[in-house]
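In terms of the numbering used here, the sequence shown is residues 62 to 248.
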Amino acid sequence: MKKLFLCAALAGPALMACEREKRDFHHQPAEMERKSPIVMTSLSAGPAAASPPADSTGKSYENNAYHISQGKQLYSSFNCKGCHANGGGDSGPPLMDDKWIYGGAIANIVQTIREGRPNGMPSFRGRIPDEQIWEIAAYVRSMTGNVPKAAAPARNDALHPGPAEQRRPASPPVEGGSVPPSAQRPK
């Protein structure tokens, strides 16, 4: 009994020192969200398009691996692949290049998802909760490599040519080959 008490006394401060990331696993339904005014923009292509005001909300989603991975799942669940494929474009524009009609900032992507765009992009206002829209936008930004490498998700296992890395048989290291002629020193 004395040992158990001693272990509990030593483990208590150690456990209290651990800081955990706080996550909200239950999103508000889209109907319960605060009603934000509809943002009117010129909806014109090019660099003169109006951009939403910058705030720190986007950074908190772009720098968080959990939010980006949730956005990856939501991208598939809401059938964004139906128009944008795996980011390379299909009937919708590609999301993996550096050419963005309405701006590539996360706030612009959120606005596009929420309000829609003419000629194809539907509005998801009231259908997808704001937090999930931000997560999808963070994932879309990760497709172009615009998020920190530590937070970016890996490629889907289905897109790899072989089995998932953790499902491959263990193999010994392969010794290096010969030095190619281009890397050899001149004689």
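Glycine included, every Cβ here is placed at the ideal spot set by N, Cα and C.
To the nearest angstrom, how far is the alpha carbon of residue i from that of residue j?
i      : j      : result
PRO233 : ALA213 : 29 Å
TYR163 : ALA211 : 27 Å
LYS248 : GLU236 : 26 Å
Give every residue of the same chain whose Cβ lies closer than 6 Å to the Cβ of residue i, excluding the five residues on either side of it in the sequence, and list them in chain order.
i      : result
LEU156 : HIS145, GLY148, VAL201, MET204
ALA126 : ALA212
SER184 : GLU176, GLY177
Please report the residue range of the alpha helix (DSSP H) in which residue i lies.
i      : result
ASN169 : 167-176
THR118 : 118-123
LEU135 : 126-138
MET204 : 191-204
GLY143 : 142-145
Going by beta carbon distance, what residues of the same chain come within less than 7 Å of residue i, once the five residues before and after it are set aside?
i      : result
ASP35  : This structure cannot speak to residue 35, because the chain is shown only from 62 to 248.
GLU196 : TYR122, HIS128, GLN131, GLY132, LEU135
Once the 5 residues before and after residue i are set aside, which same chain residues still bring their CB inside 8 Å of it?
i      : result
VAL240 : none
PRO266 : Here the chain comprises residues numbered 62 to 248, so residue 266 is not present and cannot be evaluated.
Using beta carbons (cut-off 8 Å, strictly below), is residue i in contact with chain B?
i      : result
ARG188 : No chain B is present in this structure, which holds just one protein chain.
Cβ pair count under 8 Å reaching 3, the segment 180-198 against the segment 130-139 = yes
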